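Per our numbering, the sequence shown runs over residues 785 to 880.
The beta carbon of each residue, even a glycine, is placed where N, CA and C say it ideally should be.
Note that the coordinates shown come from a computational prediction; the quantities given were computed from them, not determined experimentally.
Let me begin by presenting the structure, written as C-alpha cells, before commenting on it.
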Amino acid sequence: MTQALTPDQLTDALETLPRWSLKDGKLHRTMKFGSFSEALAFMVRLGIEAEKSDHHPELFNVYSTVTVELTTHDAGGITMLDVALAEAVDRLAGEA
Ligand code: H2B
Numbered sequence: 785m786t787q788a789l790t791p792d793q794l795t796d797a798l799e800t801l802p803r804w805s806l807k808d809g810k811l812h813r814t815m816k817f818g819s820f821s822e823a824l825a826f827m828v829r830l831g832i833e834a835e836k837s838d839h840h841p842e843l844f845n846v847y848s849t850v851t852v853e854l855t856t857h858d859a860g861g862i863t864m865l866d867v868a869l870a871e872a873v874d875r876l877a878g879e880a
C-alpha cells in the first residue's frame with residue numbers, strides 16, 4: 785500500500801482512473817463546480833475523508849475550480865493510497 789508503484793503498475797492503475805492523468809509525478813485531476821461554495825464544500829468533504837485514512841490530497845482552488853494532486857510524500861511517489869484516494873474523489877463527486 786505504501787510502496788511507490790512501478791511504471792507498469794502505474795499504467796495499470798491509470799487505466800482504472802479515466803478522469804486522472806499523470807502530471808509532475810502525481811495523480812492529477814481538475815474539477816469544475818457550479819460555484820465557489822460547491823467547490824469549498826467538496827474540499828471539506830474530501831478533507832474529512834482524507835483524515836479517516838490519514839492520507840492527504842494537495843488541493844488548489846480558484847473560484848469554482850479545484851485541482852487535486854495525489855502523491856505519497858513518505859514514499860516519494862504514487863502508491864495505492866493515492867489510487868484509493870482518487871477513487872474516493874470520484875465517489876464524492878458522484879461519478880463512481
Ligand atoms: N499524506 C500524503 N499524501 N502523503 C504522505 O506521505 C502522508 C500523508 N503522510 N498524510 C502521513 C500523513 C504521515 O505524515 C502521518 C505521520 O501518517
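Report the three-state DSSP secondary structure of R813 (helix, strand or coil).
If DSSP states are grouped into helix, strand and coil, R813 belongs with the strands.
Which residues mark the beginning and the end of the beta strand (DSSP E) in which T795 is found?
Looking at the DSSP string, T795 is not in any beta strand (DSSP E); the run it does join, the alpha helix (DSSP H), is P791 to E799.
Is the region 796 to 811 touching the region 858 to 865 in the sense that three or more CB pairs, one from each, lie closer than 8 Å?
With a cut-off of 8 Å, the region 796 to 811 and the region 858 to 865 count as touching, because enough Cβ pairs lie within range.
Taking the alpha carbon of R813 as the point to measure from, which residue in D874, T856 and V852 has its own alpha carbon closest?
When each option's Cα is compared against that of R813, the closest is V852.
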